[in-house]
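A.B. asks: Residue numbers (our numbering), protein chains in the order written: chain W, 216 to 377; chain D, 216 to 377. Quick reminder that beta carbons are idealized off the backbone N, C-alpha and C, glycines included. Keep in mind it's a predicted model, so treat the numbers as computed, not measured. Shown below is the structure under consideration.
Protein chains: 2
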Amino acid sequence: MTEAGRPIAGLTIGELAARTGCTPEAIRYYERVGVVPRPARAGSGRYRQYGDADVERLAFLRRARELGFSLAEVRALLTFSDGDPDRSCGDVDALARAHLMQVDAKLAQLTALRDALAGVIDQCRGGLAVADCRILGALGGGARASADNGIQTRRRADGGVT
Amino acid sequence: MTEAGRPIAGLTIGELAARTGCTPEAIRYYERVGVVPRPARAGSGRYRQYGDADVERLAFLRRARELGFSLAEVRALLTFSDGDPDRSCGDVDALARAHLMQVDAKLAQLTALRDALAGVIDQCRGGLAVADCRILGALGGGARASADNGIQTRRRADGGVT
DNA sequence: CTACACCTTGTAGTGACTACAAGGTCAAGG
DNA sequence: CCTTGACCTTGTAGTCACTACAAGGTGTAG
């Protein structure tokens with residue numbers, strides 16, 4: 216790979232960081248958890264030395280993270296691309312599709328949240344006294360209903376839409 | 216408050232949890248970080264004893280969390296509603312609006328992510344060899360461009376769209 | 001009296017880093 | 001040669017909002 220231009224001789228972690236948009240701390244973290252391999256150390260000192268392959272791997276990692284893949288998913292993608300290059304990419308496709316479904320689900324949740332929040336805000340003109348605030352009312356108002364409903368599910372599976 | 220029905224005498228943490236949809240562990244956590252006050256302990260034993268006000272506060276907290284407010288924001292909202300009830304609720308309104316803007320921004324990012332991911336998937340028919348996989352290509356392809364651009368911003372402010 | 005469900009505290013783990021401390025190394029300038 | 005200062009090294013602790021677990025205490029029903 217890297218068909219364009221001369222190969223990069225030896226990068227320090229800071230240079231690699233600058234080229235890939237990661238921080239050196241993040242790169243060391245990736246190394247620690249085994250998502251990127253431990254690089255050679257320069258003969259003279261003991262600084263980490265990176266090359267083209269590292270730049271690519273890290274750029275890949277960063278892009279995948281930006282697309283919302285978890286580090287575990289990125290690890291899987293990297294395993295695929297590290298493996299037999301003649302194998303079918305069906306696994307990669309499946310992972311990406313599964314992730315897309317998750318993103319769509321999250322999008323739906325977030326949209327619902329947005330509308331609920333906008334609705335709550337819409338009821339408040341901001342000029343009321345706190346005692347009559349519609350936002351606080353809307354947020355607090357459900358307690359009685361819940362209590363009247365009696366005991367509900369514990370251990371909810373939230374989905375963490377934050 | 217609780218204008219409907221008789222007041223609740225004394226709830227254990229488990230009962231409070233069931234009524235508010237939290238877990239007992241989460242409630243103890245909220246107490247530890249000071250978002251909910253330390254309750255009285257029953258005279259007989261040393262179990263936590265909760266009442267109506269706690270049910271309301273916790274229900275409020277949970278609803279606000281479900282709307283994506285951080286615990287810090289919930290704390291602020293609770294401080295407003297704990298304070299002078301005659302004060303204007305403009306602060307509440309401002310906080311909610313700021314939060315809505317954050318949600319909208321996240322929504323935009325997530326939508327862009329979705330489209331990028333869908334586009335990447337669209338290029339792959341799943342039958343290719345890994346070496347030619349369009350998904351891996353699309354994710355890894357930017358390394359050279361980035362490298363050619365030279366050094367970029369470090370310490371990016373990500374926005375964390377996950 | 002014994003089982004059992006629930007409670008108590010405290011600690012450690014999650015994900016994906018970030019922040020800091022205390023020290024080592026390297027290239028350039030004087 | 002020596003110093004300065006930027007960068008690197010390791011290791012540890014902190015973030016957020018919890019969850020999970022361990023080891024033991026309590027309350028109630030049979």
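CA-CA distance, Arg278/W and Val270/W?
C.D. replies: Sequence index remark: in the first sequence, residue 278/W carries index 63 (1-based). Sequence index remark: in the first sequence, residue 270/W carries index 55 (1-based). Each residue's alpha carbon lies about 12 Å from the other.
A.B. asks: Report the option in Leu273/D, Ala313/D, Tyr262/D whose CA atom is closest to the CA atom of Thr238/D.
C.D. replies: Here the question's residue 238/D lines up with position 23 in the second sequence. Answer by Cα proximity: Leu273/D.
A.B. asks: Show which residues of chain D have a CB atom less than 9 Å away from the CB atom of Asp301/W.
C.D. replies: One-based indexing of the first sequence puts residue 301/W at position 86. Ala344, Val345, Ala346, listed in chain order.
A.B. asks: Name the residue from Val248/W, Cys339/W, Leu276/W whose alpha carbon lies nearest to the alpha carbon of Ala311/D.
C.D. replies: As a first step, residue 311/D must be located in the second sequence, where it is residue number 96. It is Cys339/W whose Cα lies nearest to the Cα of Ala311/D.
A.B. asks: Identify, in the order they occur along the chain, each residue of the same chain with its Cβ nearer than 7 Å to the Cβ of Arg253/W, setting aside the five sequence neighbours on each side.
C.D. replies: On the first sequence, residue 253/W is found 38 positions in, with the first residue counted as 1. Excluding residues within five positions, the ones whose Cβ falls inside 7 Å are Glu246.
A.B. asks: Near Leu226/W, which residues of its chain fall below 6 Å by C-beta distance, leaving aside the five closest residues on each side in sequence?
C.D. replies: Residue mapping note: residue 226/W aligns to position 11 of the first sequence, counting from 1. Around Leu226/W: Tyr265.
A.B. asks: Going along the chain, which unbroken runs of the alpha helix (DSSP H) with 4 or more residues stay wholly within the region 225 to 309 of chain W?
C.D. replies: Counting only runs of 4 or more, we get 228 to 235, 239 to 247, 267 to 281, 286 to 297.
A.B. asks: Report the rounded CA-to-CA distance for Leu332/W versus Pro300/D, giving the unit in angstroms.
C.D. replies: Translated into positions along the first sequence, residue 332/W becomes position 117. Translated into positions along the second sequence, residue 300/D becomes position 85. Roughly 22 Å between the two C-alpha positions.
A.B. asks: In the DSSP assignment, what residue or residues form a beta bridge with Ala344/W?
C.D. replies: The count along the first sequence starts at 1 and reaches residue 344/W at position 129. Answer by DSSP bridge pairing, in chain order: Ser303/D.
A.B. asks: Anything in chain W within Cβ reach of Asp319/D, meaning under 7 Å, just list it in chain order.
C.D. replies: The residue given as residue 319/D occupies position 104 in the second sequence. Under the 7 Å cutoff, chain W gives Arg329.
A.B. asks: Compute the Euclidean distance between the alpha carbons of Arg329/W and Leu282/D, then round it to the nearest angstrom.
C.D. replies: Counting from 1 along the first sequence, the entry for residue 329/W is found at position 114. Counting from 1 along the second sequence, the entry for residue 282/D is found at position 67. Looking at the two C-alpha atoms, the distance is approximately 8 Å.
A.B. asks: Within its chain, find whatever has a CB closer than 6 Å to the CB of Gly229/D; leave out the 5 residues flanking it on each side and keep chain order.
C.D. replies: As a first step, residue 229/D is located in the second sequence; it is residue number 14 there, counting from the start. Same-chain partners within the cutoff: Pro239.
A.B. asks: Given that a residue counts as buried once 16 or more other Cβ atoms are within 10 Å of its Cβ, and exposed if not, what is Ala219/D?
C.D. replies: Numbered from its first residue, the second sequence carries residue 219/D at position 4. Confidence in Ala219/D is poor, its pLDDT being 46 and thus under 50, which makes the residue's placement unreliable; the coordinate value appears in the next sentence. So Ala219/D counts as exposed.
A.B. asks: Label Ala255/D either buried or exposed according to how many other C-beta atoms from any shown protein chain fall within 10 Å of its C-beta, with 16 as the threshold for buried.
C.D. replies: Numbered from 1 along the second sequence, position 40 holds the residue referred to as residue 255/D. Answer is exposed; the Cβ neighbour count stays below 16.
A.B. asks: May I have the straight-line CA-CA distance separating Gly352/W from Leu286/D, to the nearest angstrom?
C.D. replies: Here residue 352/W refers to the residue found at position 137 of the first sequence. Here residue 286/D refers to the residue found at position 71 of the second sequence. Near 18 Å, if we compare the C-alpha coordinates of Leu286/D and Gly352/W.
A.B. asks: Anything in chain D within Cβ reach of Val248/W, meaning under 9 Å, just list it in chain order.
C.D. replies: Indexing the first sequence from 1 puts residue 248/W at position 33. Within 9 Å Cβ-Cβ: nothing; Val248/W doesn't reach chain D, min ~17 Å.
A.B. asks: Verify whether the separation of the beta carbon atoms of Val250/D and Leu276/D is less than 8 Å.
C.D. replies: On the second sequence, position 35 is the one that residue 250/D refers to. On the second sequence, position 61 is the one that residue 276/D refers to. Yes.
A.B. asks: If contact means a Cβ-Cβ distance below 7 Å, which residues of the region 259 to 286 of chain D contact chain W?
C.D. replies: Within the region 259 to 286 of chain D, the residues whose Cβ lies closer than 7 Å to some Cβ of chain W are Val270, Glu271, Ala274, Phe275, Arg278, Ala279, Leu282, Gly283, listed in chain order.
A.B. asks: Compare the Cα-Cα distances from Val335/W to each of Met316/W, Gly305/W, Gln324/W, Ile350/W and report the closest residue.
C.D. replies: Within the first sequence, the letter at position 120 stands for residue 335/W. Residue Ile350/W is the option with its Cα nearest to Val335/W.
A.B. asks: Does any C-beta atom of chain D lie closer than 8 Å to the C-beta of Arg253/W?
C.D. replies: Residue 253/W sits at position 38 when you count from the first residue of the first sequence. Answer no: the Cβ-Cβ gap between Arg253/W and chain D never drops below 8 Å.
A.B. asks: Determine the DSSP secondary structure at Gln317/D, reduced to helix, strand or coil.
C.D. replies: As a first step, residue 317/D is located in the second sequence; it is residue number 102 there, counting from the start. Of the three classes helix, strand and coil, the one that applies to Gln317/D here is helix, per DSSP.
A.B. asks: Using C-beta distances below 8 Å, list every residue in its chain close to Cys348/W, excluding the 5 sequence neighbours before and after it, in chain order.
C.D. replies: Working through the first sequence from its first residue, we reach residue 348/W at position 133. Same-chain partners within the cutoff: Cys339.
A.B. asks: Would DSSP call Gln338/D helix, strand or coil?
C.D. replies: In the second sequence, counting from the first residue as 1, residue 338/D sits at position 123. DSSP places Gln338/D in coil when its eight states are reduced to three.
A.B. asks: In whole angstroms, what is the alpha-carbon distance linking Arg261/W and Val289/W?
C.D. replies: Your numbering for residue 261/W matches position 46 in the first sequence. Your numbering for residue 289/W matches position 74 in the first sequence. If you take the alpha carbons of Arg261/W and Val289/W, they lie about 29 Å apart.
A.B. asks: Is the beta carbon of Ala313/W less than 8 Å from the beta carbon of Arg302/D?
C.D. replies: Stepping through the first sequence from its first residue, residue 313/W is reached at position 98. Stepping through the second sequence from its first residue, residue 302/D is reached at position 87. The answer is no: Cβ separation not under 8 Å.
A.B. asks: Do Leu325/W and Val318/D have their beta-carbon atoms positioned less than 8 Å apart in this structure?
C.D. replies: Within the second sequence, numbered from 1, the residue matching residue 318/D stands at position 103. Within the first sequence, numbered from 1, the residue matching residue 325/W stands at position 110. Contact: yes.
A.B. asks: Please tell me whether Arg228/W has its Cβ less than 8 Å away from any Cβ of chain D.
C.D. replies: Taking the first sequence and counting its residues from 1, the one referred to as residue 228/W is at position 13. What sits at residue 228/W in the sequence shown is Ile, not Arg. Answer no: the Cβ-Cβ gap between Ile228/W and chain D never drops below 8 Å.
A.B. asks: Count the other CB atoms, across all protein chains shown, that sit within 10 Å of the CB of Thr235/D; report buried if there are 16 or more and exposed otherwise.
C.D. replies: To locate residue 235/D, count along the second sequence from 1; it is residue 20. Result: buried.
A.B. asks: Can you pull the chain W neighbours of Leu380/D, defined as C-beta to C-beta under 9 Å?
C.D. replies: Past the boundaries of the shown model lies residue 380/D; chain D is included only from 216 to 377, so the question cannot be answered.
A.B. asks: Can you tell which of Asp337/D, Ala309/D, Asp267/D has its C-alpha closest to the C-alpha of Gly178/W?
C.D. replies: One cannot answer for residue 178/W here, as it falls past the ends of chain W, which runs 216 to 377.
A.B. asks: In chain D, which residues lie less than 7 Å from Ala311/W when you measure between Cβ atoms?
C.D. replies: Translated into positions along the first sequence, residue 311/W becomes position 96. Neighbours of Ala311/W on chain D, chain order: Leu332, Val335, Ile336, Ile350.
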